[in-house]
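Just below is one structure, and these are the notes that go with it.
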Amino acid sequence: MATAAAEVLQWGWERARAGPWRGDGRIAYLAPLAPAGAPSADFLTRCLDTLVARGFTEVVTSALAPAEQQGFLAVGFDEYERLHLLSHNLDEIAKPPKAAASMLRRGRPGDWPAVLEVDASAFAPFWRLDAGGLHEAIDATPLSRFRVAASRQGIAAYAVSGLSGNQGYLQRLAVHPDHRRTGLGRALGLDGLRWLRRKGVAEAVVNTQIGNDAALALYLSLGFRPERIKLSVLHRRLG
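My numbering numbers the first residue of the sequence shown as 142 and each following residue consecutively.
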């Protein structure tokens, strides 16, 4: 079973981040890194050989646009799940609900165990974060904002927003089932968008699984609009 930490694989000008998927030593993730563009089949074959040598038996990709998928499909990947891609131009952002907004604060390292419990309660097993996944979500962009909603019972929800260049991202947003429909998800989403606008960002994007109607409805209520293209997570068995 693989135990390797995340690393950057590079041959020539092509680069990808790889590591264990959600702490599962059998499954790797492979995410092409910009600005290299769509990875070639030759580069991906080298990556797969490396993952096999690391002991992985399966691999999944990050969420990929159609133009990024060609090399993966050429080396035997199949579609695992499709995702909505939504964008927000940040021209108009509503004010967060006062009661919920008053519960928000900066996330701290001591919050991580409770945050991961919220994440596990909000997502299906395949999509849940472990400590490494949360660390990657926070560090995925040069600048990020990690916020939690704290109730008397503890952490009720959290969000991670990120900034890279002039592009904003709503990386992660999760609300414990006991605190849904209380405005916390809306408050956290708007908090992230308003932070991005203060940083001078022109656009923010978010993705969510097709079929996750509750998340889609929340993002639409925040002012996101669906893009015509759909993203895909791809999967391949190794060995």
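Where is the CB? At the ideal position from N, CA and C, for every residue including glycine.
Keep in mind the model is a prediction, meaning the values are calculated, not measured.
From the options, pick the residue whose C-alpha is nearest to that of residue i; which is it?
{"i": "R339", "options": "Q151, S362, P367 and S302", "result": "S302"}
{"i": "R156", "options": "A179, L375 and V347", "result": "A179"}
{"i": "E209", "options": "L174, S243 and P237", "result": "L174"}
{"i": "F365", "options": "P283, N348, W162 and H320", "result": "N348"}
{"i": "S181", "options": "R167, W152 and A159", "result": "W152"}
{"i": "A272", "options": "V256, L379, G324 and A263", "result": "V256"}
{"i": "R246", "options": "R163, E220, G295 and P207", "result": "G295"}
{"i": "L150", "options": "R163, L189 and A345", "result": "L189"}
{"i": "D332", "options": "I351, N353, Q350 and G309", "result": "G309"}
{"i": "R313", "options": "V346, E222 and R158", "result": "V346"}
{"i": "G164", "options": "E277, L231 and N307", "result": "E277"}
{"i": "K371", "options": "L284, F267 and I351", "result": "I351"}
{"i": "N307", "options": "S243, N353, P283 and R269", "result": "P283"}
{"i": "Y221", "options": "Y170, R369 and A300", "result": "Y170"}
{"i": "E368", "options": "G380, R195 and P207", "result": "P207"}
{"i": "P254", "options": "S243, W268 and G274", "result": "G274"}
{"i": "R293", "options": "I168, S243 and L337", "result": "S243"}
{"i": "G341", "options": "R195, R187, T186 and D232", "result": "D232"}
{"i": "L270", "options": "A281, E258 and D280", "result": "E258"}
{"i": "W268", "options": "N353, G326, A281 and D280", "result": "N353"}
{"i": "A358", "options": "R378, G248 and G326", "result": "G326"}
{"i": "P248", "options": "I279, P266, R195 and W154", "result": "The sequence shown places Gly at residue 248, rather than the Pro named in the question. With distances taken between Cα atoms, G248 lies closest to I279."}
DSSP has residue i in a bridge; who is on the other side?
{"i": "K432", "result": "Residue 432 lies beyond the residue range present for the chain, which begins at 142 and ends at 380; the question has no answer from this structure."}
{"i": "V193", "result": "In the DSSP output, where bridge partners are listed per residue, V193 has none listed."}
{"i": "E148", "result": "A159"}
{"i": "L357", "result": "For L357, which the question treats as bridged, DSSP gives no partner whatsoever."}
{"i": "H376", "result": "V201 and D219"}
{"i": "S292", "result": "G295"}
{"i": "A172", "result": "R158"}
{"i": "G309", "result": "L304 and A345"}
{"i": "A315", "result": "Y299"}
{"i": "D126", "result": "For residue 126 there is no data in the structure shown, the boundaries of the chain being 142 and 380."}
{"i": "L245", "result": "A290"}
{"i": "R187", "result": "According to DSSP, R187 bridges with nothing at all."}
Taking Cβ positions, are residue i and residue j nearer each other than 9 angstroms?
{"i": "L227", "j": "Y360", "result": "yes"}
{"i": "A291", "j": "D319", "result": "no"}
{"i": "F197", "j": "P161", "result": "yes"}
{"i": "A90", "j": "N230", "result": "This structure cannot speak to residue 90, because the chain is shown only from 142 to 380."}
{"i": "D252", "j": "V289", "result": "yes"}
{"i": "G324", "j": "P250", "result": "no"}
{"i": "T191", "j": "A215", "result": "no"}
{"i": "E199", "j": "I168", "result": "yes"}
{"i": "A300", "j": "R286", "result": "yes"}
For my contact list, residue i and residue j are in at a C-beta cut-off of 8 angstroms; report their separation, rounded to the angstrom.
{"i": "A172", "j": "D260", "result": "Incorrect: roughly 19 angstroms between the Cβ atoms, too far for contact."}
{"i": "L224", "j": "S373", "result": "7 angstroms"}
{"i": "L334", "j": "I234", "result": "5 angstroms"}
{"i": "H317", "j": "A263", "result": "7 angstroms"}
{"i": "T202", "j": "F213", "result": "6 angstroms"}
{"i": "L329", "j": "L304", "result": "Contact flag wrong, Cβ pair sits at about 16 angstroms."}
Taking only runs that begin and end inside the segment 257-286, name each unbroken alpha helix (DSSP H) of 4 or more residues, in chain order. 272-280
Segments of 4+ residues assigned as alpha helix (DSSP H) that fall wholly inside the segment 322-358: The segment 322-358 contains these whole alpha helix (DSSP H) runs: 325-339.
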